[in-house]
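J.: In the numbering used here, the protein residues as written are 651 to 1108.
1. Sort out for me which residues DSSP pairs residue 766 with in a bridge.
2. Could you give the first and the last residue of the continuous alpha helix (DSSP H) run that contains residue 802?
3. What's the call for residue 912, buried or exposed, on a 16-neighbour Cβ count within 10 Å?
4. Could you round the C-beta distance between residue 980 and residue 970 to whole angstroms and report it? I think they count as a contact, below 8 Å.
5. Rounded to the nearest angstrom, what separates residue 745 and residue 663 at their Cα positions?
6. Quick one: what's got a C-beta closer than 6 Å to residue 809's C-beta in the same chain, skipping five residues either side?
7. Considering Cα atoms alone, identify which of 947, 988, 1034 is closest to residue 1012.
8. Find out if the Cβ-Cβ distance for the pair residue 672, residue 767 is shorter than 9 Å.
9. Determine the burial state of residue 891: buried for a count of at least 16 other Cβ atoms within 10 Å of its Cβ, exposed for fewer.
10. By how many angstroms is the C-alpha of residue 791 removed from the C-alpha of residue 811?
11. Between which residues of its own chain and residue 831 is the CB-CB distance below 6 Å, once the five residues before and five after are set aside?
12. Can you give me the start and stop residues for the alpha helix (DSSP H) that residue 744 sits inside?
13. Ignoring anything shorter than 3 residues or poking outside the region 982 to 1044, list the beta strand (DSSP E) runs there in chain order.
14. Taking the alpha-carbon of residue 901 as reference, which of 862, 954, 885, 839 has the nearest alpha-carbon?
15. What residue range does the beta strand (DSSP E) around residue 895 cover?
16. Which residues does DSSP list as the beta-bridge partners of residue 688?
17. At the level of alpha carbons, what is the spacing between residue 822 and residue 1048?
18. In three-state terms, what does DSSP make of residue 733?
19. What separation, rounded to the nearest whole angstrom, lies between the Cα atoms of residue 837 and residue 856?
20. Tell me, please, whether the region 813 to 822 touches the region 743 to 758 by the rule of three or more beta-carbon pairs shorter than 8 Å.
21. Look at the alpha carbon of residue 1033 and the alpha carbon of residue 959, and state the distance between them as a whole number of angstroms.
22. Does the structure place the region 771 to 789 close enough to the region 709 to 719 that three or more beta carbon pairs sit under 8 Å?
23. Compute the Euclidean distance between the alpha carbons of residue 735 and residue 867, then round it to the nearest angstrom.
24. By Cβ distance, which residues of its chain are closer than 7 Å to residue 1045, with the 5 residues on each side in sequence left out?
25. Thinking just about the alpha-carbon of each residue, which of 725, 679, 788, 698 is nearest to the one in residue 758?
26. Assuming residue 853 and residue 907 make a contact with CB atoms under 8 Å, what is their CB distance in whole Å?
27. Grab the span of the alpha helix (DSSP H) containing residue 903 for me, first residue to last.
28. Can you name the residues that DSSP bridges to residue 717?
29. Could you give the C-beta distance for residue 763 and residue 676, rounded to a whole number, given that I count them as a contact under 8 Å?
30. Short of 8 Å in beta carbon distance, which residues of its chain neighbour residue 1039, apart from the five on each side in sequence? Order them along the chain.
31. If we count the other Cβ atoms within 10 Å of its Cβ and call it buried at 16 or more, is residue 955 buried or exposed?
32. Less than 9 Å separating the beta-carbons of residue 692 and residue 725?
33. Here's a check: name, in chain order, each residue in its chain whose Cβ is nearer than 7 Å to the Cβ of residue 684, leaving out the five neighbours to either side.
34. Which ranges does the beta strand (DSSP E) cover as unbroken runs of at least 3 residues, wholly within the region 830 to 904, from first to last along the chain?
35. Return the first residue and the last residue of the beta strand (DSSP E) that residue 954 is part of.
36. Taking only three categories from DSSP, how would you classify residue 794?
Here it is as structure tokens:
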């Protein structure tokens, strides 16, 4: 099937990582503002069947070791295809790209991050034409309802600009169509295992009010995908009994998670970042991270290039959050989930959110309650915890009323010194060198951080 392609193509390569030192170049990624992948349904007569177009420099002409703007446009036709399948088919770009030896694809939509390895380039993978040939074969064989397909790879920065703008408008229109249905209105949720090659214990649960972490799969997309490919990576989950409507825990979701995670995850609470939070893959659009000093959540998205208010970049927190784990206070989410009335419902919703990058805050303006909108800080208001505390106090944010007064006894305390004292918390190891700690008593025991405004976890 892939005799004309100079590298191997198969499932064995899914999950392959290409480090910066091993890459020929990267396409998209955090250093590039405009990148996208888009699937569009077209009349058959408008498609040049099997065509592969390269708009801009091909692989040999892209500077080695650099990041480049990039777009993938796949146009398809078929008598059984419907417009509402575009997003479902689009998400398969991630899966099929990763079948190609030395071609690593991460994320989705406007967040794509692709690397080509030096090894595969030297083997002869020196044109996007080979990438297109592999992808066309995979799409045709895996999704037989696609009868005609043509693929365009865009590397010309001047051409990408208008196409990127068009793609963003299409993504928003898709998301808007999926709003309005509630989780209580349906008996079936959907699961997605597309990211298990990178995060083996992760199973994404997609509900009407909780988009997939990647932001690319709605409940309607899940339903459509399960119908057209019943044995594929997107599958139905019977809700079962609701154990906790506030936290969003269902017997059917728990049973599915236990089965699909090989027993590693047996409980999931869909609307909380504490207790049994939804697992995180690596393709999430944003992270909700708990800030214990102010008892509230910060949000940072993949495109934010500065340090978050807790002093950490997105990449560091992503390493601690990803991999299919359940980490109290570190929660991978989609931007669309932040528009949901169920967003962090069990933790207080937006009344528990204290910091969001300005770009995302403005995008979500109509979904953040007016009563708290002005009290949520951005990077323009606070870049440190001390600045954040001052801002929240000045704006009378709801979390301020929950802060505990620090002890006022003022009694003499013992002094403990240590040349190097390790502390492990939230996935990080902190070394206190030449530390001097003042305390009446030191008790070391494992604890869970407090939920925002809900006391200690039981």
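Built from N, CA and C at the ideal position, the CB exists for glycine as well.
T.: Once the coordinates are examined:
1. Taking the first residue of the chain shown as position 1, residue 766 is located at position 116. Answer is 675, 753, bridged to residue 766.
2. Sequence index remark: in the chain shown, residue 802 carries index 152 (1-based). It is not in any alpha helix (DSSP H) - residue 802 instead sits in the beta strand (DSSP E) that spans 798 to 804.
3. Residue 912 sits at position 262 when you count from the first residue of the chain shown. With fewer than 16 other Cβ atoms within 10 Å, it is exposed.
4. Within the chain shown, numbered from 1, the residue matching residue 980 stands at position 330. Within the chain shown, numbered from 1, the residue matching residue 970 stands at position 320. Between the beta-carbon of residue 980 and that of residue 970 there is about 6 Å, and that keeps the pair under the 8 Å contact cut.
5. Locating residue 745 in the chain shown gives position 95, where the first residue counts as 1. Locating residue 663 in the chain shown gives position 13, where the first residue counts as 1. Those two C-alpha atoms are separated by around 10 Å.
6. Sequence index remark: in the chain shown, residue 809 carries index 159 (1-based). Hits under 6 Å: 705.
7. Start at 1 with the first residue of the chain shown, and residue 1012 comes out as number 362. Nearest in C-alpha terms to residue 1012, of all of 947, 988, 1034, is 988.
8. Locating residue 672 in the chain shown gives position 22, counting from the first residue. Locating residue 767 in the chain shown gives position 117, counting from the first residue. Contact: yes.
9. Taking the chain shown and counting its residues from 1, the one referred to as residue 891 is at position 241. Exposed, by the Cβ-count rule.
10. Indexing the chain shown from 1 puts residue 811 at position 161. Indexing the chain shown from 1 puts residue 791 at position 141. Residue 811 and residue 791 have their alpha carbons spaced roughly 32 Å apart.
11. Counting from one through the chain shown, the residue named residue 831 turns up at place 181. Setting aside the 5 residues that flank it on each side, residue 831 is surrounded in the same chain by 858, each with a C-beta closer than 6 Å to its C-beta; the list follows chain order.
12. Locating residue 744 in the chain shown gives position 94, counting from the first residue. Note, residue 744: alpha helix (DSSP H), 736 to 747.
13. Annotation note: the region 982 to 1044 contains the following uninterrupted beta strand (DSSP E) runs of length 3 or greater, listed N- to C-terminal: 1003 to 1005.
14. Stepping through the chain shown from its first residue, residue 901 is reached at position 251. Ranking the options by Cα distance to residue 901, first place goes to 839.
15. Counted from its first residue, the chain shown places residue 895 at position 245. Annotation: residue 895 is outside any beta strand (DSSP E) and is labelled neither H nor E by DSSP.
16. Numbered from 1 along the chain shown, position 38 holds the residue referred to as residue 688. Answer is 723, bridged to residue 688.
17. Here residue 822 refers to the residue found at position 172 of the chain shown. Here residue 1048 refers to the residue found at position 398 of the chain shown. About 31 Å.
18. Mapped onto the chain shown, residue 733 falls at position 83. Helix at residue 733.
19. What you label residue 837 is simply residue 187 of the chain shown in a count that begins at 1. What you label residue 856 is simply residue 206 of the chain shown in a count that begins at 1. Looking at the two C-alpha atoms, the distance is approximately 12 Å.
20. With contact defined as three or more Cβ pairs closer than 8 Å, the region 813 to 822 and the region 743 to 758 are not in contact.
21. Your numbering for residue 1033 matches position 383 in the chain shown. Your numbering for residue 959 matches position 309 in the chain shown. The C-alpha of residue 959 is placed about 5 Å away from the C-alpha of residue 1033.
22. With a cut-off of 8 Å, the region 771 to 789 and the region 709 to 719 count as touching, because enough Cβ pairs lie within range.
23. Start at 1 with the first residue of the chain shown, and residue 735 comes out as number 85. Start at 1 with the first residue of the chain shown, and residue 867 comes out as number 217. The alpha-carbon atoms of residue 735 and residue 867 are separated by roughly 10 Å.
24. Within the chain shown, numbered from 1, the residue matching residue 1045 stands at position 395. 1024, 1025, listed in sequence order.
25. For this step, residue 758 is matched to residue 108 along the chain shown. Minimum Cα distance to residue 758 is reached at 679.
26. Position 203 of the chain shown, counted from the first residue, corresponds to residue 853. Position 257 of the chain shown, counted from the first residue, corresponds to residue 907. Your pair residue 853 and residue 907 checks out as a contact, with CB atoms roughly 6 Å apart and the cut at 8 Å.
27. Within the chain shown, the letter at position 253 stands for residue 903. For residue 903, the enclosing alpha helix (DSSP H) covers residues 901 to 910.
28. Position 67 of the chain shown, counted from the first residue, corresponds to residue 717. The partner list for residue 717 (beta bridge, DSSP) reads 676.
29. In the chain shown, the residue the question calls residue 763 occupies position 113. In the chain shown, the residue the question calls residue 676 occupies position 26. Confirmed, about 7 Å.
30. As a working mapping, residue 1039 is identified with position 389 in the chain shown. Cβ within range, chain order: 943, 944.
31. For the purposes of this step, residue 955 is taken as the residue at position 305 of the chain shown. Residue 955 should be labelled exposed.
32. Position 42 of the chain shown, counted from the start, is the residue given in the question as residue 692. Position 75 of the chain shown, counted from the start, is the residue given in the question as residue 725. Yes, Cβ-Cβ distance for residue 692 and residue 725 is below 9 Å.
33. Reading the chain shown from its first residue, position 34 is the one you call residue 684. Beyond the five residues adjoining it in sequence on each side, residue 684 comes within less than 7 Å, by CB distance, of 719, 810, 811, 814 in the same chain, given in chain order.
34. Given a length threshold of 3 residues, each whole run of the beta strand (DSSP E) inside the region 830 to 904 is given here in chain order: 838 to 842, 854 to 856, 884 to 888, 892 to 894.
35. As a first step, residue 954 is located in the chain shown; it is residue number 304 there, counting from the start. No residue range can be given for residue 954, since it is assigned to no beta strand (DSSP E) and is classified by DSSP as neither H nor E.
36. As a working mapping, residue 794 is identified with position 144 in the chain shown. Residue 794 falls in the coil class under three-state DSSP.
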